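Data block below; observations after.
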Amino acid sequence: MTAPLPSLTPPEAVREQLWNEQQLAQPVAVPGFRLWRYREPAIVLGCSQRRLLAQADARMPVLLRQSGGGAVLTGPWMLGLSVALPPDHPLARQGLVASYRWLGEALAQVLRQGGVDAQALAPEALRAMPAAQHTAVDWACFGGLSPWEVLAGGRKIAGLAQVRRASGVLLVGGVLLQPSPWRLMCEALGCAAADARTLADTTISAGEAVPHFDGHAYALRLERVLAATLEPEASLP
Numbered sequence: 001m002t003a004p005l006p007s008l009t010p011p012e013a014v015r016e017q018l019w020n021e022q023q024l025a026q027p028v029a030v031p032g033f034r035l036w037r038y039r040e041p042a043i044v045l046g047c048s049q050r051r052l053l054a055q056a057d058a059r060m061p062v063l064l065r066q067s068g069g070g071a072v073l074t075g076p077w078m079l080g081l082s083v084a085l086p087p088d089h090p091l092a093r094q095g096l097v098a099s100y101r102w103l104g105e106a107l108a109q110v111l112r113q114g115g116v117d118a119q120a121l122a123p124e125a126l127r128a129m130p131a132a133q134h135t136a137v138d139w140a141c142f143g144g145l146s147p148w149e150v151l152a153g154g155r156k157i158a159g160l161a162q163v164r165r166a167s168g169v170l171l172v173g174g175v176l177l178q179p180s181p182w183r184l185m186c187e188a189l190g191c192a193a194a195d196a197r198t199l200a201d202t203t204i205s206a207g208e209a210v211p212h213f214d215g216h217a218y219a220l221r222l223e224r225v226l227a228a229t230l231e232p233e234a235s236l237p
């Protein structure tokens, strides 16, 4: 029997990182965004996590992104998003932390429309939390909290990161639509099994918050909200 030929289409996580890199390779003229759905698992590390990249095994793709932050486990359970803004765009001129606000609030708004009681985490609310809750698992994106990321029932459901260059600003994020198999990431990176349990305890997916959550409908609603926010010049996927 002839073995099937391997797919020549790169994994969605690879396509995502290529798209992100291309946006800031030259000046961003108009806002643009993309949503990402992943057919297979991949780990995307923050730009300062080369140590984890060196110790990762080969059971799944492990990529290094331009933005900071911690490791992300992408897969069918997650919706990813990328937004590229010109450097002089009003949403980009607000500063490092404030630039997250509109996006975190948009993610939370659309989750609420799907029945999830989600809120973007304001800086003052974050400061009021115990310090240990800020970095429960310090090497993982979903193991810590930053301003304007999204919580549901006090547990993290969406994470954000950004890259700022003279050519423009790139905002990226991930929303947990279904439970994430954190053990896969911990094993692939040689991290403690206890970290997987902590991630499971401190995160929540939309599917856990609301039975029969419709991830496809969420993506469509989010696409409309992003387009409306970035109009009249938004570049649609």
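Residue numbers for the sequence shown follow the UniProt record's numbering, beginning at 1 and rising by one. Yeah, the Cβ is synthetic: ideal placement off N, Cα and C, and Gly gets one too. Nothing here was measured: the structure is a model prediction, and the numbers come from that model.
Can you name, in chain order, every residue of its own chain whose Cβ lies under 8 angstroms from the Cβ of ALA192, other than the five neighbours on each side? Position 192 of the sequence shown, counted from the start, is the residue given in the question as residue 192. Result list for ALA192: CYS186, in chain order.
First and last residue of the uninterrupted beta strand (DSSP E) at VAL225: For this step, residue 225 is matched to residue 225 along the sequence shown. Where VAL225 is concerned, there is no enclosing beta strand (DSSP E), although the alpha helix (DSSP H) it sits in stretches over 215 to 230.
Tell me which same chain residues have a C-beta within less than 8 angstroms of the C-beta of ASP117, skipping the five on either side of it? Locating residue 117 in the sequence shown gives position 117, counting from the first residue. Once the five neighbours on either side are set aside, the close Cβ partners of ASP117 are ALA152, GLY153, ALA209.
Sorted by chain position, which residues of the same chain lie with C-beta nearer than 6 angstroms to residue 239's C-beta, five sequence neighbours on each side aside? The structure shown does not extend to residue 239, since the chain is modelled only from 1 to 237, so the question has no answer here.
Give me the residue from ARG165, ALA158, LEU18, PRO130 with the minimum Cα distance to PHE142. Position 142 of the sequence shown, counted from the start, is the residue given in the question as residue 142. Relative to PHE142, the option among ARG165, ALA158, LEU18, PRO130 whose CA is nearest is ALA158.
Within the continuous beta strand (DSSP E) that includes TRP148, where are the two ends? To locate residue 148, count along the sequence shown from 1; it is residue 148. Element bounds for TRP148: n/a, residue is neither H nor E.
Based on the DSSP secondary-structure assignment, which residues constitute the bridge partners of LEU85? Along the sequence shown, one-based indexing puts residue 85 at 85. Paired residues: VAL169.
For LEU79, which beta-bridge partners are listed by DSSP? Numbered from 1 along the sequence shown, position 79 holds the residue referred to as residue 79. DSSP output for LEU79 lists ARG37, VAL175 as bridge partner(s).
Could you tell me whether the region 40 to 50 touches the region 61 to 70, using the rule of 3 or more Cβ pairs below 8 angstroms? yes
Considering Cα atoms alone, identify which of ALA131, PHE33, ALA84, PRO61 is closest to ARG165. For this step, residue 165 is matched to residue 165 along the sequence shown. When each option's Cα is compared against that of ARG165, the closest is ALA84.
By Cβ distance, which residues of its chain are closer than 8 angstroms to TYR38, with the 5 residues on each side in sequence left out? Within the sequence shown, the letter at position 38 stands for residue 38. Only PRO11, GLU12, ALA13, THR74, GLY75, PRO76, MET78, GLY80 meet the Cβ criterion.
Through-space distance from ARG155 to ALA132, alpha-carbon basis: Position 132 of the sequence shown holds residue 132. Position 155 of the sequence shown holds residue 155. Approximately 14 angstroms, taken between the alpha carbons.
Outcome for residue 239 when other beta-carbon atoms lying within 10 angstroms are tallied against a minimum of 16: Examination of residue 239 is not possible in this model, given that the chain is present from 1 through 237 alone.
If you reduce the DSSP assignment to three classes, tell me which class GLN22 lands in. Numbered from its first residue, the sequence shown carries residue 22 at position 22. Reduced to three states, the DSSP call for GLN22 is helix.
Does DSSP put GLY144 in a helix, a strand or coil? Walking along the sequence shown from the start, residue 144 turns up at place 144. It is a strand residue.
Here's the rule: buried if 16 or more other CB atoms are within 10 angstroms of the residue's CB, otherwise exposed. What is ARG93? The residue given as residue 93 occupies position 93 in the sequence shown. With fewer than 16 Cβ atoms within 10 Å of its Cβ, ARG93 is classed as exposed.
Out of GLY173, GLU124, VAL150, GLU231, which has the shortest C-alpha to C-alpha gap to ILE204? Indexing the sequence shown from 1 puts residue 204 at position 204. If we check each option's Cα against that of ILE204, VAL150 comes out closest.
ALA194 to GLY32 span [Cα, whole Å]: Residue mapping note: residue 194 aligns to position 194 of the sequence shown, counting from 1. Residue mapping note: residue 32 aligns to position 32 of the sequence shown, counting from 1. CA-CA distance, ALA194 to GLY32, rounds to 39 angstroms.
For VAL97, the three-state DSSP class (helix, strand or coil): Stepping through the sequence shown from its first residue, residue 97 is reached at position 97. Judged by DSSP in its simplified three-state form, VAL97 adopts coil rather than helix or strand.
Report buried or exposed for GLY190, applying the criterion of at least 16 other Cβ atoms within 10 angstroms of its Cβ. The count along the sequence shown starts at 1 and reaches residue 190 at position 190. GLY190 is exposed by the Cβ-count criterion.
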